[in-house]
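Counting from 674, one number per residue, gives the positions in the sequence shown under my numbering. Here a beta-carbon is modelled for each residue, glycine too, at the ideal position from N, C-alpha and C. To start, the structure under review is shown below, and the notes come after it.
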Amino acid sequence: MSRFFITVLNMSLTASYVALVVIFIRMLLRKSPKIFSYMLWAVVWFRLVCPISFESPLSLVPIKSPIPHSITTSTNPGVKFGIENIDNVLNQSIKSSVPLANHAASVNPMGVIVKIAAAVWLLGIAVLLCYSIVSYFRLKVRLSTATLYKDNIFETDLIQTPFVLGFIQPKIFIPTGLAKKELDYILKHEQVHIKRKDYIIKPMAFLAVVLHWFNPLMWLCYFLMSKDMEMSCDESVIRQSKEDIRASYSNSLLSLSAKQSGFLMPLTFGENNVKSRIKNVVNYKKPVFWIVFTAAVLVAAVSVALATNPHEGDHGKSFFKLFNSDRSLTAAEKFLKYKTDYVGDASKVGNIIYLLDFPEKVNYDYFELYTDSIPYAVTVHLKTDAQTRNYYTGALHQAPFEKNAIIMFSLIGNVDYINFNLSDGKNDYSMQYTRDEANMTVGKDVRDFSKGKREFAELLKILESMGEYSSVSTFDDSDGSLKAHMSIKTPYGDRQFEEIIGFAWEKINHDIAHYEENPEVKIIDSKNTRLELLESFDTLADVPIDVYALEYRLLPEDLSKVVLAGGMDVDENGWLKETSSMGSPLLVVSRNNGSAEFLGTLWTGEVSGKKLETEVKTLLERKQ
């Protein structure tokens, strides 16, 4: 249920952005026929009920899924709206208000929060639906004594204003004693509703709002949509009349204005927003062709732009990034003041380091220069706590340091190595980056970006688009050196790849729980040392299937308490390896509409000597 609730949250957030744009466009269309404003609300409804959409380069939506499904398992939960300033504020708030998760723990604080929120959400839906259903059937009972006037029109003295009621065979209910002219306007108005199927559209809109009841903006949208619906009906009646009926029609609205309450009101002639409707009727003029044409083109273009998603990887191209252009240029100007050809220029190197952006709970301490002989190097010493240090030894979260290294390689002309040393006061962890790696990451000599302010601003944008995962991840050997490198290559975007990481940690936590079934065993630390895409299959199912190799280490408090059996192994530092008699785990996941689903686990020992494709196919058949 948590996963579905996160999907609803993402839909609600996207719909909120779409709704704000629609409200703005609605203001621009205030001189146009209200039917165009009414039509625009269909895009908001689509975003509220449909979790998938087509991708388009014309999309105005900054990002598809601001909240990753893996937020319930991530040790560093965050959101990504594609608007940098908003992302920074929200993620800072999350970090300060939610306890930091520990991969070795069985319960993630964010997971608990999401489960509670999902339960409250379901309760709210149940209350609203029950209230509305009871109200609807009470109204039906109240109208059971109505008498047939003609056709599908019924008359009763138990109501004060006319309305349409019913889903399959809608009926028009009118109060007794109406004047002939008023009755004529009323019937024309309600018949327009029936012709346009508004008696179905309004309940569907209400159900969408019930699904997103926690979002106050959606209630405002429901009110504005109802208002546009009624105004467009009024305009249709006036337009079809051969005479100028605006004055008499307005009087009818005023005399029959509704005084109702409740969420699911029927299609009422005298809605509560009668004041604005009368004003619209009085000021109504038959629109000229160019206004209608312009409004139609605008509505069509905006609908396409808001109904489609951005292409995967297009987040950096969102028009919101225009607001960050000046910021990038300002940052570039500050960095370029300290550009130097020589690593021995301690003053400029120190100022460059001072301008770097380090992660939460990682603080600059001091730096060292190694200039006695080639290769030249800089080591930046950083202070942190043990939990944060362990998080960044996980090999998958080191992008902030890689980005900082690339900036330093661009600005310091002859430096060959950049080292970042994380210390918690007891243990150190070092990350090393080379100039060749930096050049490979950006596709050319990284020093070319420091030739001017605009070039360096472009480098900052490239680094921003890299996301939060390293293009090259590393893990340390027993002597603290960086011995191995592995490429993290994935068809997912950053947020989708975090779902894969979440699946990996679910597997790791499962193994931790297995070890700790022995009350004498306690796992005090864990780290993910490899998560690599091995192969993708496009023909085994309706969606692509990917296989990831997973390797990890677990640190027991007392290794002597652990019973090694079935091929289990320990490295030279006392960390338990993931291997068993079946080999190492392979995670099988499916990819669909920018999201991932965990399908199961294979083992390297099982697929040895066999085709991986055959084993994946067998796994899929077992799941059917």
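Cβ separation of residue i and residue j, assumed to be a contact under 8 Å, to the nearest whole Å
i            : j            : result
residue 802  : residue 979  : Not a contact, Cβ separation roughly 28 Å.
residue 845  : residue 826  : 5 Å
residue 1219 : residue 1227 : Wrong, their Cβ atoms sit about 25 Å apart, outside the cutoff.
residue 1234 : residue 1242 : The pair is not a contact, with the Cβ atoms about 17 Å apart (cut-off 8 Å).
residue 818  : residue 849  : Their Cβ separation, rounded to whole angstroms, is 12 Å, which puts residue 818 and residue 849 out of contact at 8 Å.
residue 1041 : residue 1057 : Their Cβ separation, rounded to whole angstroms, is 18 Å, which puts residue 1041 and residue 1057 out of contact at 8 Å.
residue 919  : residue 955  : 6 Å
residue 1299 : residue 964  : Outside the displayed span of the chain (674 to 1297) sits residue 1299, for which this structure offers no information.
residue 908  : residue 1126 : Going by Cβ atoms, the distance from residue 908 to residue 1126 rounds to 54 Å, so no, they are not a contact pair.
residue 1022 : residue 1044 : Contact flag wrong, Cβ pair sits at about 10 Å.
Residue i in three-state terms, based on DSSP
i            : result
residue 981  : coil
residue 957  : coil
residue 1004 : helix
residue 1298 : The requested residue 1298 does not occur in the structure, where the chain is confined to residues 674 to 1297.
residue 1287 : helix
residue 1145 : Annotation note: pLDDT 39 at residue 1145 (below 50); position unreliable, coordinate value reported separately. Strand at residue 1145.
residue 783  : helix
residue 827  : strand
residue 1209 : strand
residue 684  : helix
residue 1255 : coil
residue 841  : coil
residue 703  : coil
residue 633  : This structure does not reach residue 633, given that the chain is present from 674 up to 1297, and the question cannot be answered.
residue 1276 : strand
residue 907  : helix
residue 1235 : coil
residue 805  : helix
residue 1058 : coil
residue 1024 : helix
residue 1246 : coil
residue 1095 : strand
residue 821  : strand
For residue j and residue i, the rounded distance between their alpha carbons
i            : j            : result
residue 688  : residue 1047 : 56 Å
residue 1136 : residue 1116 : 12 Å
residue 1153 : residue 791  : Bear in mind that the predicted position of residue 1153 carries a pLDDT of just 32, short of 50, making it unreliable; the figure below should be weighed with that in mind. Rounded to the nearest angstrom, the two C-alpha atoms are 44 Å apart.
residue 1066 : residue 1060 : 10 Å
residue 693  : residue 1096 : 46 Å
residue 1259 : residue 1029 : 37 Å
residue 887  : residue 798  : 9 Å
residue 1224 : residue 675  : 27 Å
residue 1217 : residue 1208 : 11 Å
residue 1009 : residue 1129 : 8 Å
residue 910  : residue 853  : 16 Å
residue 712  : residue 981  : 17 Å
residue 932  : residue 834  : Model confidence at residue 932 stands at a pLDDT of 46, short of 50, so the residue's coordinates are unreliable; what they give is reported in the following sentence. If I take the Cα positions, the gap works out to 9 Å.
residue 1174 : residue 1032 : 19 Å
residue 843  : residue 823  : 14 Å
residue 684  : residue 820  : 45 Å
residue 951  : residue 969  : 25 Å
residue 738  : residue 678  : 13 Å
residue 1166 : residue 1215 : Annotation note: pLDDT 48 at residue 1166 (below 50); position unreliable, no value reported.
residue 1013 : residue 1078 : 15 Å
residue 1063 : residue 1120 : 32 Å
residue 1038 : residue 1019 : 15 Å
residue 812  : residue 806  : 10 Å
residue 1229 : residue 1248 : 7 Å
residue 1024 : residue 740  : 36 Å
residue 1196 : residue 788  : 26 Å
residue 1194 : residue 808  : 59 Å
For residue i: DSSP bridge partner residues
i            : result
residue 1228 : 1198
residue 846  : 827, 836
residue 1262 : 1219, 1271
residue 1050 : 1043, 1090
residue 1203 : 1224
residue 1085 : 1013
residue 1036 : 1056
Contact with chain C by residue i, beta-carbon distance below 7 Å
i           : result
residue 926 : You won't find chain C in this structure, because it holds only one protein chain.
Three or more beta-carbon pairs under 8 Å between the stretch 1198-1206 and the stretch 1266-1280, yes or no?
no
Using a Cβ distance threshold of 8 Å, determine whether the stretch 1105-1122 contacts the stretch 1077-1088, with at least three qualifying pairs required.
yes
Contact the stretch 1260-1277 vs the stretch 1172-1181: 3+ CB pairs below 8 Å
Yes, the stretch 1260-1277 touches the stretch 1172-1181.
Is the stretch 1090-1102 close to the stretch 970-977, with three or more CB pairs under 8 Å?
no
The stretch 887-898 touching the stretch 856-870, judged by at least three CB pairs closer than 8 Å
no
When the Cβ atoms of the stretch 892-902 are set against those of the stretch 911-923, are three or more pairs found closer than 8 Å?
no
For the stretch 694-709 against the stretch 845-859, are there 3 or more C-beta pairs whose distance is under 8 Å?
no
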